[in-house]
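In what follows, a structure is listed as structure tokens, so that the remarks can point back to it.
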Amino acid sequence: MTVTYTWWKDATVYQVWPASYKDSNGDGVGDIPGILSTLDYIKSLGIDVIWLSPMYDSPQDDMGYDISDYENVYPKYGTLEDMDKLISEVHSRGMKLILDLVINHTSSEHKWFKESRSSKSNPKRDWYIWKPPKYDAEGNRHPPNNWGSYFSGSAWKYDEATDEYYLHLFAESQPDLNWENEETRNAIYDSALSFSVQEGY
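Throughout the sequence shown, residue numbering follows the working numbering, covering 126 to 326 in sequence.
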């Protein structure tokens with residue numbers, strides 16, 4: 126009988142939150158060079174995999190889970206070159222690197238959402254989930270349904286500019302992407318997934 130080793134079932138994983146890990150330049154925020162400086166220590170613990178919480182560019186409303194650019198690193202954490210070095214150095218020590226890639230939603234500061242909310246006729250309007258208001262008998266405006274956000278309150282945020290609500294299952298600054306839209310899926314594959322693969326992430 127041949128037993129196939131499945132690394133992700135048995136690996137010992139060490140999670141790193143970049144902001145609160147090691148600060149290499151004294152600005153009060155952890156960074157990728159700080160992580161690099163501790164790789165030998167992490168390896169000495171018997172770690173197989175480093176799980177890196179979001180390091181993409183972000184307004185940081187939700188510790189990086191609100192990504193504004195899938196193709197850049199949050200400047201306080203470092204640069205793309207720093208990420209390249211981190212990947213290389215992790216692999217050279219026989220460890221793996223897993224990134225938290227958030228593709229359920231983006232930041233409201235992402236260029237896609239800025240275009241989407243600009244008008245109902247914008248080509249990217251349907252890249253996010255928009256719905257018209259509901260009105261009661263007295264003419265009071267209400268969200269499309271009673272869905273709640275994981276962060277409390279309604280999962281719908283009213284946008285006065287276009288008189289519609291957008292869906293945010295998390296924070297108001299994290300509008301949900303519309304995965305039913307093929308253009309949206311392809312953009313995510315190209316910007317978030319393909320870019321990460323090309324960069325070796």
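Glycine is no exception: its CB is placed at the ideal position from the N, C-alpha and C atoms.
Reducing DSSP to helix, strand and coil, say where residue i ends up.
| i | result |
| --- | --- |
| Leu161 | helix |
| Trp133 | helix |
| Asp207 | helix |
| Ile212 | helix |
| Arg310 | helix |
| Lys249 | coil |
| Ser145 | helix |
| Lys201 | coil |
| Trp272 | coil |
| Ser178 | coil |
| Ile192 | coil |
| Asp301 | strand |
| Leu318 | helix |
| Ile223 | strand |
| Glu240 | helix |
Given residue i, which residues of its chain have a CB within under 6 Å of its CB, disregarding the five upstream and five downstream residues?
| i | result |
| --- | --- |
| Pro258 | Arg266 |
| Tyr283 | Tyr290 |
Report buried or exposed for residue i, applying the criterion of at least 16 other Cβ atoms within 10 angstroms of its Cβ.
| i | result |
| --- | --- |
| Val128 | exposed |
| Thr309 | buried |
| Tyr314 | exposed |
| Phe276 | exposed |
| Gly264 | exposed |
| His235 | buried |
| Met126 | exposed |
| Ala280 | buried |
| Ser243 | exposed |
Using a Cβ-Cβ cutoff of less than 8 Å, which residues in the same chain neighbour residue i once the five nearest sequence positions on both sides are dropped?
| i | result |
| --- | --- |
| Asp186 | Ser232, Ala296, Ser298 and Gln299 |
| Arg218 | Leu164, Asp165 and Lys168 |
| Asn197 | Tyr181, Asp182 and Leu205 |
| Ile223 | Val138, Val174, Ile175, Trp176 and Leu177 |
If you drop the 5 nearest sequence neighbours on each side, which residues of the same chain put their C-beta closer than 7 Å to that of residue i?
| i | result |
| --- | --- |
| Gly105 | With the chain running from 126 to 326 in the structure shown, residue 105 is simply not present. |
| Asp261 | His267 |
| Trp304 | Arg310 |
| Asp301 | Asn229, His230, Tyr253, Ile254, Leu292, His293 and Leu294 |
| Glu214 | Leu161 and Leu164 |
Rounded to the nearest angstrom, how far is the Cβ of residue i from that of residue j, given a contact under 8 Å?
| i | j | result |
| --- | --- | --- |
| Glu289 | Lys249 | Not a contact, Cβ separation roughly 14 Å. |
| Ala317 | Tyr190 | With a Cβ gap of about 13 Å, Ala317 and Tyr190 do not count as contacting. |
| Lys245 | Thr287 | 5 Å |
Say yes only if the C-beta of residue i is nearer than 7 Å to one or more non-hydrogen atoms of the ligand ZN, and no if none qualify.
| i | result |
| --- | --- |
| Val154 | In terms of ligand content, the structure shown is empty, and the ligand ZN therefore cannot be addressed. |
Is the CB of residue i under 8 Å away from at least one CB in chain B?
| i | result |
| --- | --- |
| Asn197 | Absent from the structure is chain B; it holds one protein chain and no more. |
Quick one: any contact between the segment 132 to 141 and the segment 175 to 192, if contact means 3 or more CB pairs under 8 Å? yes
Is it a yes or a no for the segment 290 to 301 touching the segment 166 to 174, going by three-plus beta-carbon pairs under 8 Å? no
Three or more C-beta pairs below 8 Å linking the segment 222 to 241 and the segment 267 to 274: no
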